[in-house]
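To keep things clear, I will list the structure first and then write my remarks on it.
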Amino acid sequence: DAMVIQNPRYQVTQFGKPVTLSCSQTLNHNVMYWYQQKSSQAPKLLFHYYDKDFNNEADTPDNFQSRRPNTSFCFLDIRSPGLGDAAMYLCATSRPGLAGARQETQYFGPGTRLLVL
Amino acid sequence: DAKTTQPPSMDCAEGRAANLPCNHSTISGNEYVYWYRQIHSQGPQYIIHGLKNNETNEMASLIITEDRKSSTLILPHATLRDTAVYYCIANAGNMLTFGGGTRLMVKP
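Protein sequence lines correspond, in order, to chains A and B.
At position 56 of the first sequence (counting the first as 1) the number is 82 in our numbering, and the numbers step up by one without a gap.
At position 87 of the second sequence (counting the first as 1) the number is 362 in our numbering, and the numbers step up by one without a gap.
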């Protein structure tokens, strides 16, 4: 089945130690997104890629970076994780939508829960 | 994106219809209404969307008022597996801005 895969499901890192979360997709979608979801809160968009074009949300901290080496894979790098970065990180994909038209359905992975010690 | 307002929580008896309201009084003409849900410890899942007309699919029905200022998601026969947070989103373009959502608890 076509899907969005996130590994690992749980990641433990130390305060200040760089960590990378990965996402892969078999849907061949042009657009990939990273969301952060803290406990009892709604998902919050960090950034997205349209093909190789990177689009950062205005309030995404510089501590968060992303790479998309090809259509199938996208990585979230947290350069110096703080305790406040502990959260669920969700990857999603979609086809590109047309401006002013309906948004294409986003397909989410199961998420990676990050714990910072 | 238009701001949406949803009740924070609702209960529903198993087998009964669950009617989840959403207010989007500032929605603009080109903004669609989308519903996603998030079951505990999973990623959000698309349910349904609409612009003006009522919509139905295998998961749910979406009723949008004529003035488009509010909508209702209907799960016709709720099951325990429908227990989740339901997000109503109103926007145009490719981005999703999640609000607080409604935590639906389906009870036996």
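Just so it is clear, CB atoms sit at the ideal spot from N, CA and C, and this is done for glycine as well.
Computed from a predicted model, the values in this text were never measured in an experiment.
Range covered by the beta strand (DSSP E) that runs through residue i
i, result
"Arg-4 of chain A", "The question about residue 4 of chain A has no answer, for chain A in this structure spans 27 to 143."
"Ala-288 of chain B", "284-288"
"Phe-73 of chain A", "70-76"
"Met-380 of chain B", "377-382"
"Ser-345 of chain B", "345-350"
Three-way DSSP call (helix, strand, coil) for residue i in this model
i, result
"Gly-325 of chain B", "strand"
"Asp-276 of chain B", "coil"
"Asp-357 of chain B", "helix"
"Leu-140 of chain A", "strand"
"Leu-109 of chain A", "helix"
"Ser-65 of chain A", "coil"
"Phe-41 of chain A", "coil"
"Glu-330 of chain B", "strand"
Residues sharing a beta bridge with residue i, DSSP
i, result
"Gln-51 of chain A", "A:Val-30"
"Ser-316 of chain B", "The partner list for Ser-316 of chain B (beta bridge, DSSP) is empty, contrary to what the question assumes."
"Ile-302 of chain B", "According to DSSP, which records beta bridges pairwise, Ile-302 of chain B is partnered with nothing at all."
"Asn-82 of chain A", "A:Phe-73"
"Glu-130 of chain A", "In DSSP, Glu-130 of chain A forms no bridge with anything."
"Thr-340 of chain B", "Partner(s): none; Thr-340 of chain B has no beta bridge."
"Thr-372 of chain B", "Thr-372 of chain B pairs with nothing; no bridge assigned."
"Ala-367 of chain B", "Looking at the DSSP assignment, Ala-367 of chain B forms no beta bridge with any residue, so it has no partner."
"Pro-296 of chain B", "B:Thr-347"
"Ala-118 of chain A", "A:Tyr-59 and A:Phe-134"
"Thr-46 of chain A", "A:Asp-103"
Does the segment 305-313 of chain B come within contact of the segment 101-109 of chain A, defined as at least 3 CB pairs closer than 8 Å? They do not touch, by the three-pair rule.
By the 8 Å beta-carbon criterion, what residues does the segment 363-381 of chain B contribute toward chain A? For the segment 363-381 of chain B, which is checked against every Cβ of chain A, the residues closer than 8 Å are Asn-366, Ala-367, Gly-368, Asn-369, Met-370, Leu-371, Thr-372, Phe-373, Gly-374, Gly-375 and Gly-376.
On the three-pair Cβ rule with 8 Å, is the segment 286-295 of chain B touching the segment 40-59 of chain A? No: the two stretches stay apart, fewer than three of their Cβ pairs being nearer than 8 Å.
Counting pairs of Cβ atoms below 8 Å between the segment 63-74 of chain A and the segment 33-52 of chain A, do you hit three or more? Contact between the segment 63-74 of chain A and the segment 33-52 of chain A is absent, because fewer than three Cβ pairs lie under 8 Å.
What residues in the segment 315-331 of chain B have a beta carbon less than 8 Å from any beta carbon of chain A? Listed in sequence order: Ser-316, Gln-317, Gly-318, Pro-319, Gln-320, Tyr-321, His-324 and Leu-326.
Would you call the segment 371-380 of chain B in contact with the segment 345-362 of chain B, where contact means no fewer than 3 C-beta pairs closer than 8 Å? With a cut-off of 8 Å, the segment 345-362 of chain B and the segment 371-380 of chain B count as touching, because enough Cβ pairs lie within range.
To be precise: take each residue of the segment 68-79 of chain A, compare its Cβ to all Cβ atoms of chain B, and keep it if any distance is under 9 Å. Which residues remain? So the close ones are Ala-68, Pro-69, Lys-70, Leu-71, His-74 and Tyr-76.
Could you list the residues in the segment 44-57 of chain A with a C-beta less than 9 Å from some C-beta on chain B, going in chain order? Under the 9 Å Cβ criterion, the segment 44-57 of chain A contributes Val-57.
Is the segment 89-99 of chain A in contact with the segment 33-45 of chain A, if contact means three or more CB pairs nearer than 8 Å? As far as the Cβ criterion goes, the segment 89-99 of chain A does not touch the segment 33-45 of chain A, which means the pair count is below three.
Just by C-beta distance, which residues in the segment 107-119 of chain A are closer than 9 Å to chain B? If the cut-off is 9 Å between Cβ atoms, the segment 107-119 of chain A has Met-114, Leu-116, Cys-117 and Ala-118 near chain B.
Contact between the segment 282-290 of chain B and the segment 329-343 of chain B is defined here as three or more beta-carbon pairs at a separation below 8 Å; is this criterion met? Taking a contact to require three or more Cβ pairs closer than 8 Å, the segment 282-290 of chain B and the segment 329-343 of chain B do not qualify as touching.
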